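Here the structure comes first, spelled out in structure tokens, and everything after it is commentary.
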């Protein structure tokens, strides 16, 4: 016979398990999605190196871009992408492609640079294309 | 099972099933997050975009030192080189040399760039020619990034006259003194961007020899260091007549550079005809037999000049000559037929 008595010690109740599980799931989501979701949602417009406009990429419609004196170009926001329209440059090369395709829109003659605001550069950890030449 | 004092009576305390599950869950999560942290320890990349040398510039750097300082230093270097070598800067070394009727003494850096340009001009029999300033100016490609650029096609006689005042044979450099004859003008546009990429890489590595990342100047790329310090960067070659996302090939680099010249980069269209910026030094007109050339080389400066030379020379000759000059290439002709040098396939696999 054991000299000791036996007592079942329950540290947690069953519902605690669900609460803990919920906390863990939410924390994980916040860590891996939540922090990243804020970056990449803003679009900045620099003119001759100076940041002049910031828009939300989810905006819709046309934004007029000017340098304070002259109208330079229009940005057409689709709600998920941006394109250059009606640029005052001679060759309109900046009107080719979209922000999400190219990563950046540039009008070299007018020194206008449209880019997605983010601190970090997303670099693929496996597979896919990192860079394009041509 | 553990022993526990409860009042004056010794008792064996058994944990309930739920408690065991929770403890197990916590231990598992601890291990999971520790592993995640280890995995996430891969270097983080910071980037900045800018406009320099008439193109978009993107610098991507990861460093245990301050990557922002490295990126800013690289951008400053691009702007410094632009000021020193641009034809649009009145006081650039090249503008001063072009204006002068006398030999001009230049510093070590300018002498190095001109000497290398002349060496590559000789090696390619003038297919790459740094002394086409008069011809390029006649077509207006030196002003293509200016808001008042007004494209026009020169007449045959104008082209003939400009060609008579072109040619690297009219340029010499000795002990840092540049001498030019026959009223030729330098235009180093087809080599300076490559030089700037090389300088950018050198500066980044000087500030942190372990820095990794890349410099992308108008899709001409120089590698600062292998991705995540040990992996290859996957680089796609754009299909010159395809849509965005249509690629001809993919190569893998951990170092070196890759540069592409295409007839779709800088051009204007008049009466439905595309006039692009890569001019044939013999005819004075835009080259028609090639539409895209890509060169991989240890130095971006050489890759830059060689991609122009290959464009002028055409696929057949370039596929033999480029490896001799230190470049491996992929060429697309006007029929959209692709040709590659024998060593190109080396870069198609992660070795």
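Protein chains in written order, with the working numbering: chain A, 481 to 614; chain B, 260 to 610.
All C-beta atoms, glycine included, are put in the ideal place defined by N, C-alpha and C.
As the structure is a computational prediction, the values presented were derived from the model and not from experiment.
Taking the DSSP output, what are the residues bridged to residue 497 of chain B? On the second chain, residue 497 of chain B is found 238 positions in, with the first residue counted as 1. Paired residue(s): B:506.
Closer than 7 Å by beta-carbon distance: list the chain B residues that pair up with residue 497 of chain A, in chain order. Here residue 497 of chain A corresponds to residue number 17 of the first chain, with the count starting at 1. Within 7 Å Cβ-Cβ: 277, 280, 281.
Please decide whether residue 516 of chain A counts as near chain B, where near means a Cβ-Cβ distance under 8 Å. Translated into the one-based positions of the first chain, residue 516 of chain A becomes position 36. A caution first: residue 516 of chain A carries a pLDDT of 48, below 50, which makes its placement in the model unreliable, though a value can still be read off. Not closer than 8 Å to any Cβ of chain B, the Cβ of residue 516 of chain A fails to qualify, so no.
Under the DSSP definition of a beta bridge, which residues are partnered with residue 362 of chain B? Your numbering for residue 362 of chain B matches position 103 in the second chain. For residue 362 of chain B, DSSP assigns no beta-bridge partner whatsoever.
Could you tell me which of B:421, B:561, B:590 sits nearest to residue 391 of chain B, measuring between CA atoms? Residue numbering aside, residue 391 of chain B sits at position 132 when the second chain is read from its first letter. That would be B:421, whose Cα lies nearest to the Cα of residue 391 of chain B.
Taking the beta strand (DSSP E) that residue 392 of chain B belongs to, which residues open and close that run? Within the second chain, the letter at position 133 stands for residue 392 of chain B. Looking at the DSSP string, residue 392 of chain B is not in any beta strand (DSSP E); the run it does join, the alpha helix (DSSP H), is 392 to 398.
Can you list, in chain order, the residues of its chain with a C-beta nearer than 8 Å to that of residue 514 of chain A? Leave out the 5 residues immediately preceding and following it. Locating residue 514 of chain A in the first chain gives position 34, counting from the first residue. Residue placement at residue 514 of chain A cannot be trusted, given a pLDDT of 46 that sits under 50; the coordinates are not used to answer.
Flag residue 495 of chain B as yes if its beta-carbon sits less than 8 Å from any beta-carbon of chain A, otherwise no. Taking the second chain and counting its residues from 1, one reaches residue 495 of chain B at position 236. It does: the Cβ of residue 495 of chain B has a partner Cβ on chain A nearer than 8 Å.
Quick one: which chain B residues come within Cβ less than 7 Å of residue 561 of chain A? Along the first chain, one-based indexing puts residue 561 of chain A at 81. In chain order: nothing, as chain B lies at least about 12 Å away.
Partners in chain B for residue 591 of chain A, counting only beta-carbon separations shorter than 8 Å: Start at 1 with the first residue of the first chain, and residue 591 of chain A comes out as number 111. Correct list: 310.
Any beta-carbon of chain A closer than 8 Å to the one on residue 362 of chain B? Indexing the second chain from 1 puts residue 362 of chain B at position 103. Not one chain A Cβ lies under 8 Å of residue 362 of chain B.
Counting only C-beta atoms, is residue 569 of chain A closer than 8 Å to chain B at any point? Within the first chain, the letter at position 89 stands for residue 569 of chain A. True, the Cβ-Cβ gap to chain B drops below 8 Å.
Going by beta-carbon coordinates alone, are residue 518 of chain B and residue 563 of chain B separated by less than 8 Å? Position 259 of the second chain, counted from the start, is the residue given in the question as residue 518 of chain B. Position 304 of the second chain, counted from the start, is the residue given in the question as residue 563 of chain B. Result yes, Cβ atoms of residue 518 of chain B and residue 563 of chain B sit closer than 8 Å.
Look at the Cβ atom of residue 316 of chain B, then the Cβ atom of residue 334 of chain B, and state whether they are nearer than 8 Å. Position 57 of the second chain, counted from the start, is the residue given in the question as residue 316 of chain B. Position 75 of the second chain, counted from the start, is the residue given in the question as residue 334 of chain B. Contact flag set, yes.
In whole angstroms, give me the CA-to-CA distance for residue 460 of chain B and residue 451 of chain B. In the second chain, residue 460 of chain B corresponds to position 201, counting from 1. In the second chain, residue 451 of chain B corresponds to position 192, counting from 1. One C-alpha to the other measures close to 14 Å.
Would you kindly work out how many angstroms separate the C-alpha atoms of residue 504 of chain A and residue 292 of chain B, rounded to a whole number? Here residue 504 of chain A is taken as the residue at index 24 of the first chain, counted from 1. Here residue 292 of chain B is taken as the residue at index 33 of the second chain, counted from 1. Near 11 Å, if we compare the C-alpha coordinates of residue 292 of chain B and residue 504 of chain A.
Counting only beta-carbon atoms, is residue 505 of chain A nearer than 8 Å to chain B? One-based indexing of the first chain puts residue 505 of chain A at position 25. Answer no: the Cβ-Cβ gap between residue 505 of chain A and chain B never drops below 8 Å.
Start-to-end residues for the alpha helix (DSSP H) that takes in residue 556 of chain B: Along the second chain, read from residue 1 onward, the residue named residue 556 of chain B stands at position 297. Where residue 556 of chain B is concerned, there is no enclosing alpha helix (DSSP H), although the beta strand (DSSP E) it sits in stretches over 549 to 556.
As an exercise, report each continuous beta strand (DSSP E) stretch of at least 3 residues that is fully enclosed by the segment 560 to 606 of chain B, in chain order. Taking only runs of at least 3 residues, the beta strand (DSSP E) segments lying wholly in the segment 560 to 606 of chain B are 587 to 592, 597 to 599.
Residue from B:607, B:384, B:500, B:524 whose Cα sits closest to the Cα of residue 403 of chain B: As a first step, residue 403 of chain B must be located in the second chain, where it is residue number 144. Cα-wise, what sits closest to residue 403 of chain B is B:524.
Buried versus exposed, by CB contacts within 10 Å (16 or more), residue 557 of chain B: Working through the second chain from its first residue, we reach residue 557 of chain B at position 298. It counts as exposed.
In its own chain, which residues sit with a C-beta less than 6 Å from the C-beta of residue 599 of chain B, not counting the 5 before and 5 after it? If you number the second chain from 1, residue 599 of chain B lands on position 340. Shown here for residue 599 of chain B: same chain residues with a beta carbon closer than 6 Å to its own, the five before and five after excluded, namely 589 in chain order.
So the candidates are B:470, B:486, B:553, B:468; which of them puts its Cα closest to the Cα of residue 498 of chain B? By 1-based counting over the second chain, the position of residue 498 of chain B is 239. For residue 498 of chain B, the nearest C-alpha among the options comes from B:553.
So if DSSP puts residue 526 of chain B in a beta bridge, which residue, or which two residues, is it bridged to? By 1-based counting over the second chain, the position of residue 526 of chain B is 267. For residue 526 of chain B, which the question treats as bridged, DSSP gives the partners B:535.
Partner residues on chain A for residue 519 of chain B, Cβ-Cβ distance less than 7 Å: Position 260 of the second chain, counting from 1, holds the residue named residue 519 of chain B. For the C-beta of residue 519 of chain B, the chain A residues within less than 7 Å are, from N- to C-terminus, 613, 614.
Applying a beta-carbon distance threshold of less than 7 Å, which residues of chain B neighbour residue 577 of chain A? Here residue 577 of chain A corresponds to residue number 97 of the first chain, with the count starting at 1. Within 7 Å Cβ-Cβ: 503.
Between residue 559 of chain A and the rest of its own chain, which residues show a CB-CB distance below 7 Å, the 5 nearest in sequence each way excluded? The count along the first chain starts at 1 and reaches residue 559 of chain A at position 79. 538, 540.
Measure the C-alpha to C-alpha separation of residue 424 of chain B and residue 393 of chain B and round it to an integer number of angstroms. The residue you call residue 424 of chain B lines up with position 165 of the second chain. The residue you call residue 393 of chain B lines up with position 134 of the second chain. Each residue's Cα considered, the two are about 7 Å apart.
Any beta-carbon of chain A closer than 8 Å to the one on residue 577 of chain B? Looking up residue 577 of chain B in the second chain gives position 318. No, residue 577 of chain B does not count as interfacial toward chain A.
Uninterrupted beta strand (DSSP E) stretches inside the segment 283 to 317 of chain B (no shorter than 3 residues): Given a length threshold of 3 residues, each whole run of the beta strand (DSSP E) inside the segment 283 to 317 of chain B is given here in chain order: 304 to 311.
Starting from residue 543 of chain A, follow the beta strand (DSSP E) in both directions and report where the run begins and ends. The count along the first chain starts at 1 and reaches residue 543 of chain A at position 63. 540 to 546 is the span of the beta strand (DSSP E), which, as asked, contains residue 543 of chain A.
Please work out which residues of its chain come closer than 7 Å, Cβ to Cβ, to residue 517 of chain A, disregarding the five sequence neighbours upstream and downstream, and give them in chain order. Counting from one through the first chain, the residue named residue 517 of chain A turns up at place 37. Confidence is the limiting factor: at residue 517 of chain A the pLDDT is only 45, short of 50, which leaves the residue's position unreliable, though a coordinate-based value still follows. Once the five neighbours on either side are set aside, residue 517 of chain A has no close Cβ partner at all.
Within 10 Å of its beta-carbon, does residue 498 of chain A have 16 or more other beta-carbons around it, so buried, or fewer, so exposed? Along the first chain, one-based indexing puts residue 498 of chain A at 18. When all chains shown are included, residue 498 of chain A counts as exposed.
Beta-carbon of residue 303 of chain B versus every beta-carbon of chain A: anything under 8 Å? As a position in the second chain, residue 303 of chain B is number 44, starting the count at 1. Chain A, which has a Cβ nearer than 8 Å to the Cβ of residue 303 of chain B, makes this yes.
Nearest-angstrom Cα separation, counted from residue 544 of chain B out to residue 463 of chain B: Along the second chain, one-based indexing puts residue 463 of chain B at 204. Along the second chain, one-based indexing puts residue 544 of chain B at 285. Spanning the two alpha carbons is a distance of roughly 39 Å.
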